[in-house]
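I have placed the structure first, in the form of structure tokens, so that the comments after it can refer back to it.
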Amino acid sequence: MKIPSISTLPEYKNEIEHCAKFVAENLEKIGMSRVEIFKTEGHPVVYSEWLGAPGKPTVLVYGHYDVQPVDPVELWNSPPFEPVIKEGKIFARGATDDKGQLFVHLKSVEAFFKTEGSLPLNIKFLIEGEEEIASESLRVFLKNNTDLLKCDAVLVSDTSLYAAGVPTLTYGLRGLSYFEVEMEGPNRDLHSGSFGGSVANPINILSDVISKLHDKNGRITIPGFYDDVLKLSKKERENFKVLKFSEKEYAKDLGVSELSGEKGFTTLERIWARPTLDCNGIIGGFTGIGAKTIIPSKVTAKISMRLVPSQNSVKIAKQFARYVKKLAPKSVKIKVTELHSGQPGITPIENPANVAA
34 MKIPSISTLP EYKNEIEHCA KFVAENLEKI GMSRVEIFKT EGHPVVYSEW LGAPGKPTVL
94 VYGHYDVQPV DPVELWNSPP FEPVIKEGKI FARGATDDKG QLFVHLKSVE AFFKTEGSLP
154 LNIKFLIEGE EEIASESLRV FLKNNTDLLK CDAVLVSDTS LYAAGVPTLT YGLRGLSYFE
214 VEMEGPNRDL HSGSFGGSVA NPINILSDVI SKLHDKNGRI TIPGFYDDVL KLSKKERENF
274 KVLKFSEKEY AKDLGVSELS GEKGFTTLER IWARPTLDCN GIIGGFTGIG AKTIIPSKVT
334 AKISMRLVPS QNSVKIAKQF ARYVKKLAPK SVKIKVTELH SGQPGITPIE NPANVAA
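The sequence shown begins at 34 in our numbering and counts up by one.
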């Protein structure tokens, strides 16, 4: 966690490579029989295996050693790459995404080797450095190394416990469709005192478009968006209800007075099994100290959608781009660019690997 392996910023390239080597060295230390660092067009992929249990299943553990940027740094209570322990918890960038979970799996394997001298099954590790930036290099690596990666089950080392002391099996993950929407009005920034009322303000227009992406019930208004959504089964909804969950405590922890989202679903259902759309950021106009009365020339918004089985990110991307362009008036030019995407996934609860877990 002390290694600032930020994958999205080029200036951290050396730290990324350092972290890949650190992971590889630890895989060797715990007793894995094969450890390799594969070069890619982007960041390195670390692969490791121990196949000393003939006739037994092979589990591939997937994880990542890269982390997100840390800004705004001033909001951290402690330096992001100087881990501290508070009330039994480690605080640092990557502690829960994904260095903490990944290291738990490494130490579990090490514990088996130390106490039993061997493992009850075969194991492989696939650890990448681009999870936070859409895993482009991993996609190529997967296509080129299908035989190397053969296994009976994949364990994703990038999830969390529902609560301390509560064994948790995550059998599905939401996907992603991430866009940048740019709107351009006048050919330069204009003085609002001289030009206000004569031209469209791109920030006003984009804000209006974003506001129309949800209806009053919190549903996403993109035509066809929900067509392929896999509905929760009766058993799944019952399983969710059994879990101890306090909306009051959840809201308190997040610092909000009330929770919000799609009506007709519980909070757990919304965050685990329903698709979402969020504006992640808006860039444009004057944001400095004091006042500057301009009508900005351009504005850009970052918008992400979390997808659920059986939605398809390619289909959703087309629907989103078409709809946003339709909402934009002729008074502005609009450019819609897809930045990242990832398909949602789910494994049936009755799958043998889940049952064994």
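No residue lacks a Cβ here, since even glycine has one placed at the ideal position from N, Cα and C.
Using a 10 angstroms sphere on the CB of LEU276, the tally of other CB atoms stays under 16, which defines it as exposed.
In the DSSP assignment, the residues bridged to SER337 are TYR211 and ASP311. Cβ-Cβ distances below 6 Å link ILE243 to CYS312 in the same chain, with the five nearest sequence neighbours on each side left out; the list follows chain order. Approximately 12 Å separates the beta-carbon atoms of VAL357 and VAL365; this is outside 8 Å, ruling out the contact.
In the three-state DSSP reduction, TRP305 falls in the helix class (H, G or I). Between VAL189 and the set LEU84, LYS157, ALA306 and THR254, the nearest pair of CA atoms involves LYS157. Put simply, the backbone Cα of GLU82 is about 16 Å away from that of LYS54. Segment contact: the stretch 175-191 against the stretch 93-104, three or more CB-CB distances shorter than 8 Å; contact assigned. When the Cα atoms are used, ARG270 and THR148 turn out to be separated by approximately 40 Å. Contact between GLU295 and GLY251 holds: CB atoms are separated by about 4 Å, below the 8 Å threshold.
Residue environment for ASN177: exposed (fewer than 16 other C-beta atoms within 10 angstroms of its C-beta).
Look at LYS331 here: in three-state DSSP terms it is strand. Around the C-beta of ALA334, 16 or more other C-beta atoms lie within 10 Å, and the residue is accordingly described as buried. In the DSSP assignment, GLU69 forms a beta bridge with TYR80. ILE123 carries a strand assignment under DSSP once its states are collapsed to helix, strand and coil. Look at GLY133 here: in three-state DSSP terms it is helix. If you compare the alpha carbons of PRO200, ILE336 and LEU194 with that of GLU213, the shortest gap goes to ILE336. The Cβ atoms of VAL341 and ARG207 lie closer than 8 Å to each other.
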